[in-house]
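A.B. asks: In order, the protein sequences belong to chains H and D. Note that numbering that gives the first Met the number 0 gives residue 58 to position 59 of the first sequence, counting from 1, and the numbers run on in steps of one. Note that numbering that gives the first Met the number 0 gives residue 18 to position 19 of the second sequence, counting from 1, and the numbers run on in steps of one. The C-beta atom is built at its ideal place from N, Cα and C for all residues, glycine as well. Computed from a prediction, not measured in an experiment: that's the story for all the values here.
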Amino acid sequence: MGTAEIGQGAIILAFLAAIVSVVVAGIGAYTSSRRLISITRISVISIAAFYSLALATAVFAFLTRDYSLRIVSAHVDSNLPASYALSALYADKAGSMLLWGWLISLFSALIAFRKHEYDNSILPHMLCILAAIQVFFLAMVTFVGNVFEQNPTPVTEGIGLNPWLQNIAMLVHPPVLYISFAAVSVVFAMIIASLITRTPDDQWVRWVRRWTLFGWCTLGIGNLIGMWWSYNELGWGGYWAWDPVENAGLMPWFLITAFIHSISVQRQRNRLRRWSLVLAIFTFEFTLLIPFITHGGIESPLHGFIHSYFPPYILAAILITLAGSLGLLYIRRKDLQRDERSFSLVSREGAFLATNIILVLLTVVVLIGTVLPRIVELFSGTRIAIDRSFYDRVAGPIMLVLVFFMGVCPLLGWAKTSWKSAKSSFLFSLLAALLVAVVVLIVGGGKWYVISAIVCCFPFFVILLEWFRGARARHQGRKENYFRASLALLDSNRPKYGGFLVHIGIILIALGIVVSSFYSVEKVSTLDIGQSMKVGDYDLTYDELLLKQDNVKISTIATISMSKQGRLIGEVYPENNYWFYYSPILNETFREVAVRTTPAEDVFVYLWWTSFDQQDKSATIIAMVNPLVVWIWAGGGFLLLGGAIAFSHQDKRESQHKDRR
Amino acid sequence: MAVGLLVYASLGSAVSYYLTVSELLDKGSELYGERVRVAGKVANNSIEWDADTLELGFVITEGGEDLLVVYEGARPSGLKEDSNVLVEGEYRSDNTFQASTIILKCPSKYEPEE
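Below, the structure is given as structure tokens:
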């Protein structure tokens, strides 16, 4: 029996197990029979087992370069390092659906294992929904696009992996995102199951909290890794193009961020329940929109014009689950009205509500930009394009408001706040931020440096001040030194201080984005050996060009020495490579950028064009100075750290209503 | 509401028509000075590239019609005869196209992760 048969068999068994799970779980949910619930658990775990076998088979086929499989011959060749042979799995459309579905099966099995966490009344509902989602994914990779499809004629060598994807970031970016999508589907299943069974809010909020944080963190980090890849690998000097594919990853992140704030209000004050439910449902739908867009449902210039057979099915899945979820909300509308008391807008819950509204507005704006051209074309036949100025002008200011707002929330208490208690912190932080802005102005920073200094420093100082006050209280009360007290504070309320760290991360990212968008400098020159060009404060001299050939590519490697104010600071070696397999197909050579990074700015050097001829060594060099970009990646570190700290906190059953201010 | 206004106001200037070469030439003078995106194929022997002045010129063709595109900046490495391109920029009254961006369409064999 060949690899293809084993994999195919495992997938079909997983598919059957998923169908059995849906049916048995459905009946189990209806009858609450313990026996049926046990069978459901076993069958859900067996889906994961068969799925894992299928995935292992696919990975094995990649590692052994089994070219009898289409998925292998289409994405790898014999020269590809083994680690990238793994990323070739999700370079394939069907392969990526396989990976995604497999992660959902693992998470479902985890829930089936931890049965004591969930009541018998709700467990079969959750598993039924999760199994139904898996039926969809398994049907996609079996009947719509067969992962284990065999090549009709023998193939001796594969096509090879697109050189752009031969990068550590691309090894990590897709799986991290799929992990987050899978976590979001767990949250969705829990929410829907809770709605069906009328589970009390405090219970489901406790269940979904950590899954949500996990999904939120992986989604944010996954997007940032994508940005990093785009910046370092794609060769256009930017990290965000408002491309439909990027937008697709951003929208659910806005929504899940809003959802986190919403359930935080639920935990503390038992409010905003309707917001939470709707946000969870739409976060899930927007994660499904991602493959719809990436698989060609909406044309995306940056990511190529590829089409797969999945989009119509994905669209159907979105519409069905959306209609079902909203219908369920409608049926439960009486329950949802219960206990929804009004609250003061000048309070932390009021501020969180405002945050939710802003995040939803952002999502709507990005959605309009992403789908409007497509809708206009469908209805009027006119094709239009929306360029990035739309997003920059609309989403940019809203995001700045949001960042500034992060400084307001910590100042407000739950329930009611009097302006008095917040006044001193507010004024102090605002004055400090203005002071920084003045300093920035004096040392010669431009308009956007000043604006971003105010917008970013204000929330930053509020957070520092809050932290300092808590530490001072501990210092005075328990005689701990300040450093120890700050850490102890973090430990005593991980959701809150983890959140603060995340906000610091967002502030760093915002600062990096604003400054690098407005103050990036770019210079293009065609140079002969020995000639120089100037970009920003830097002088670049083109010293030498080396031609080299190996099994997969012809490389041209330039040696460029860099000096600043007459002082030599180093050499960089940008490359421009002609890949035998890919360059003819794509009509393109692939550049390896050379970067010199300092906390203040990145110097980017591209060997944009060479003649690939020993005789003519003239080269077109593009050089850029991008300020503060590294702050974006550092912000990502804070996001991960803060997210992990918040995640490490586990709500106890008893402590549900304890106020955690 | 403010956001709605912002969306409306910004859409106006950010939207551009997306046409093929023959569609552009059909509309002709009514598009002079407008921001448009035009799709076409690079014509044979039409690429002229001056590496020192960074001036690039080429003809794109579609539906039997030709359009001269001029561009200032680095030559996109994938720009070859017969490749599909999408140019974004302004259609000028001398019937040439001043491109600000050149996007190369990838053949269908190209399957990147995203």
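So which of H:Ser-379, H:Ile-356, H:Ile-383 has the shortest CA-CA distance to Thr-369 (chain H)?
C.D. replies: For the purposes of this step, residue 369 (chain H) is identified with residue 370 of the first sequence, where counting begins at 1. Measuring from the Cα of Thr-369 (chain H), the nearest candidate turns out to be H:Ile-383.
A.B. asks: Considering only DSSP beta bridges, list what Ile-259 (chain H) is partnered with.
C.D. replies: Against the first sequence, residue 259 (chain H) aligns to sequence position 260. DSSP, once it has assigned bridges, lists no residue as partnering Ile-259 (chain H).
A.B. asks: Taking 8 Å as the threshold (beta carbon to beta carbon), is Ser-28 (chain D) in contact with chain H?
C.D. replies: On the second sequence, residue 28 (chain D) is found 29 positions in, with the first residue counted as 1. For Ser-28 (chain D), the answer is no, since every Cβ of chain H falls outside 8 Å of its Cβ.
A.B. asks: Along the chain, which unbroken stretches of the alpha helix (DSSP H) at least 4 residues long are found entirely within the segment 428-484 of chain H?
C.D. replies: Qualifying alpha helix (DSSP H) stretches, in chain order: 446-477.
A.B. asks: Comparing the C-beta of Asp-25 (chain D) with each C-beta of chain H, is any distance below 8 Å?
C.D. replies: Mapped onto the second sequence, residue 25 (chain D) falls at position 26. No, its Cβ sits nowhere closer than 8 Å to a Cβ of chain H.
A.B. asks: Look up Phe-611 (chain H) in the DSSP assignment and say whether it is helix, strand or coil.
C.D. replies: Within the first sequence, the letter at position 612 stands for residue 611 (chain H). In the structure shown, Phe-611 (chain H) sits in coil (DSSP, three-state: anything other than H, G, I, E or B).
A.B. asks: Per DSSP, which residues does Arg-590 (chain H) bridge with? Please list them.
C.D. replies: Taking the first residue of the first sequence as 1, we reach residue 590 (chain H) at position 591. H:Asn-575.
A.B. asks: Return the chain-ordered list of same chain residues with a C-beta closer than 8 Å to the C-beta of Gln-649 (chain H), the five sequence neighbours on each side being excluded.
C.D. replies: Taking the first sequence and counting its residues from 1, one reaches residue 649 (chain H) at position 650. Same-chain partners within the cutoff: Arg-209.
A.B. asks: Is Val-68 (chain D) close to chain H, meaning its C-beta is less than 8 Å from at least one C-beta of that chain?
C.D. replies: Residue mapping note: residue 68 (chain D) aligns to position 69 of the second sequence, counting from 1. No, its Cβ sits nowhere closer than 8 Å to a Cβ of chain H.
A.B. asks: Can you tell me where the beta strand (DSSP E) holding Gln-548 (chain H) begins and where it ends?
C.D. replies: Counted from its first residue, the first sequence places residue 548 (chain H) at position 549. 537-548 is the extent of the beta strand (DSSP E) around Gln-548 (chain H).
A.B. asks: Mind checking the segment 383-399 of chain H against chain D and listing, in chain order, the residues whose C-beta falls within less than 9 Å of any C-beta there?
C.D. replies: Ile-383, Ala-384, Ile-385, Asp-386, Arg-387, Ser-388, Phe-389, Tyr-390, Asp-391, Arg-392, Val-393, Pro-396, Ile-397
A.B. asks: Kindly list the residues whose CB is nearer than 8 Å to the CB of Gly-636 (chain H), restricted to its own chain and excluding five residues on each side of it in sequence; keep chain order.
C.D. replies: Taking the first sequence and counting its residues from 1, the one referred to as residue 636 (chain H) is at position 637. Taken in chain order, the residues that qualify are Gly-504.
A.B. asks: Would you mind reading off the limits of the alpha helix (DSSP H) that contains Met-189 (chain H)?
C.D. replies: Here residue 189 (chain H) refers to the residue found at position 190 of the first sequence. From DSSP, the alpha helix (DSSP H) with Met-189 (chain H) extends over 167-196.
A.B. asks: On the CB-based measure, 16 or more other CB atoms within 10 Å of its CB, does Tyr-581 (chain H) come out buried or exposed?
C.D. replies: To locate residue 581 (chain H), count along the first sequence from 1; it is residue 582. With a threshold of 16 other beta carbon atoms within 10 Å, Tyr-581 (chain H) meets it and is buried.
A.B. asks: In chain H, which residues lie with their C-beta within 9 Å of the C-beta of Val-84 (chain D)?
C.D. replies: Your numbering for residue 84 (chain D) matches position 85 in the second sequence. Chain H residues near Val-84 (chain D): none, gap ~10 Å exceeds 9 Å.
A.B. asks: Span of the alpha helix (DSSP H) holding Ile-357 (chain H)?
C.D. replies: Within the first sequence, residue 357 (chain H) is the residue found at index 358, counting from 1. Per DSSP, Ile-357 (chain H) belongs to the alpha helix (DSSP H) from 347-379.
A.B. asks: Using a Cβ cut-off of 8 Å, pull out every chain D residue sitting near Ile-132 (chain H), in sequence order please.
C.D. replies: As a working note, residue 132 (chain H) is residue 133 in the first sequence. Under the 8 Å cutoff, chain D gives no residues; its nearest Cβ is about 22 Å from Ile-132 (chain H).
A.B. asks: Below 6 Å CB to CB, which residues in the same chain sit around Ile-46 (chain D) once its five sequence neighbours on both sides are set aside?
C.D. replies: If you number the second sequence from 1, residue 46 (chain D) lands on position 47. The residues are Phe-57.
A.B. asks: From Thr-286 (chain H) to Val-183 (chain H), what does the alpha carbon distance come to, in whole angstroms?
C.D. replies: Within the first sequence, the letter at position 287 stands for residue 286 (chain H). Within the first sequence, the letter at position 184 stands for residue 183 (chain H). For Thr-286 (chain H) and Val-183 (chain H), the distance between alpha carbons rounds to 8 Å.
A.B. asks: Which residues of the segment 597-628 of chain H have a Cβ closer than 7 Å to any Cβ of chain D? Give them in chain order.
C.D. replies: Trp-607, Trp-608, Ser-617, Thr-619, Ile-621
A.B. asks: Chain H partners of Gly-72 (chain D), CB-CB under 8 Å?
C.D. replies: Here residue 72 (chain D) corresponds to residue number 73 of the second sequence, with the count starting at 1. Near Gly-72 (chain D) (Cβ distances below 8 Å), the residues of chain H are Val-523.
A.B. asks: Count the C-beta pairs between the segment 168-181 of chain H and the segment 193-212 of chain H that are closer than 8 Å, then say yes if the count reaches three, no if not.
C.D. replies: no
A.B. asks: Are any of the Cβ atoms in chain D nearer than 8 Å to that of Ile-663 (chain H)?
C.D. replies: Because chain H here runs from 0 to 660, residue 663 (chain H) falls outside it and cannot be looked at.
A.B. asks: Within the segment 480-518 of chain H, note down every full alpha helix (DSSP H) run reaching 4 residues or more, in order along the chain.
C.D. replies: 481-491, 493-518
A.B. asks: Nearest to Phe-589 (chain H) by alpha carbon, out of H:Ala-599, H:Thr-609, H:Pro-598?
C.D. replies: In the first sequence, residue 589 (chain H) corresponds to position 590, counting from 1. Phe-589 (chain H) has its Cα closest to that of H:Thr-609, out of H:Ala-599, H:Thr-609, H:Pro-598.
A.B. asks: Between the Cα of Tyr-83 (chain H) and the Cα atoms of H:Gly-444, H:Ser-42, H:Glu-543, H:Ile-167, which residue gives the shortest distance?
C.D. replies: Mapped onto the first sequence, residue 83 (chain H) falls at position 84. Closest in C-alpha terms to Tyr-83 (chain H), from the list H:Gly-444, H:Ser-42, H:Glu-543, H:Ile-167, comes H:Ile-167.
A.B. asks: Using only alpha-carbon positions, find the residue among H:Arg-373, H:Val-435, H:Gly-25 that is nearest to Asn-119 (chain H).
C.D. replies: Residue 119 (chain H) sits at position 120 when you count from the first residue of the first sequence. The shortest Cα separation from Asn-119 (chain H) among H:Arg-373, H:Val-435, H:Gly-25 belongs to H:Gly-25.
A.B. asks: Using a Cβ-Cβ cutoff of less than 8 Å, which residues in the same chain neighbour Lys-657 (chain H) once the five nearest sequence positions on both sides are dropped?
C.D. replies: Along the first sequence, one-based indexing puts residue 657 (chain H) at 658. In this predicted model, Lys-657 (chain H) has a pLDDT of only 40, less than 50, meaning its place in the structure is not dependable; the value taken from the coordinates is given anyway. Excluding sequence neighbours, Lys-657 (chain H) sits near nothing in its chain.
A.B. asks: Could you tell me which chain D residues have their CB closer than 7 Å to the CB of Ile-367 (chain H), listed as they occur along the chain?
C.D. replies: Translated into positions along the first sequence, residue 367 (chain H) becomes position 368. Here the neighbours are Val-6.
A.B. asks: From the beta carbon of Leu-360 (chain H), is the nearest beta carbon of chain D less than 8 Å away?
C.D. replies: Here residue 360 (chain H) refers to the residue found at position 361 of the first sequence. Judged by the 8 Å Cβ criterion, Leu-360 (chain H) is in contact with chain D.
A.B. asks: Can you give me the start and stop residues for the beta strand (DSSP E) that Val-143 (chain H) sits inside?
C.D. replies: Taking the first sequence and counting its residues from 1, one reaches residue 143 (chain H) at position 144. From DSSP, Val-143 (chain H) is part of no beta strand (DSSP E); its letter is neither H nor E.
A.B. asks: Just to confirm, is the Cβ distance from Val-514 (chain H) to Leu-627 (chain H) under 8 Å?
C.D. replies: Numbered from 1 along the first sequence, position 515 holds the residue referred to as residue 514 (chain H). Numbered from 1 along the first sequence, position 628 holds the residue referred to as residue 627 (chain H). Yes, the Cβ-Cβ distance between Val-514 (chain H) and Leu-627 (chain H) is below 8 Å.
A.B. asks: Mind checking whether Val-442 (chain H) and Gly-641 (chain H) have CB atoms under 8 Å apart?
C.D. replies: Start at 1 with the first residue of the first sequence, and residue 442 (chain H) comes out as number 443. Start at 1 with the first residue of the first sequence, and residue 641 (chain H) comes out as number 642. Val-442 (chain H) is not a Cβ neighbour of Gly-641 (chain H), given a cutoff of 8 Å.
A.B. asks: Find the nearest neighbour of Ile-103 (chain H) within the set H:Ile-121, H:Leu-126, H:Tyr-329, judged by alpha-carbon distance.
C.D. replies: The sequence position of residue 103 (chain H) within the first sequence is 104, counting from 1. Ile-103 (chain H) has its Cα closest to that of H:Leu-126, out of H:Ile-121, H:Leu-126, H:Tyr-329.
A.B. asks: Report buried or exposed for Ser-86 (chain H), applying the criterion of at least 16 other Cβ atoms within 10 angstroms of its Cβ.
C.D. replies: Taking the first residue of the first sequence as position 1, residue 86 (chain H) is located at position 87. When all chains shown are included, Ser-86 (chain H) counts as buried.
A.B. asks: With the cut-off set at 8 Å, would you say Lys-563 (chain H) and Tyr-537 (chain H) are in Cβ contact?
C.D. replies: Within the first sequence, the letter at position 564 stands for residue 563 (chain H). Within the first sequence, the letter at position 538 stands for residue 537 (chain H). Going by C-beta atoms, Lys-563 (chain H) is nearer than 8 Å to Tyr-537 (chain H).
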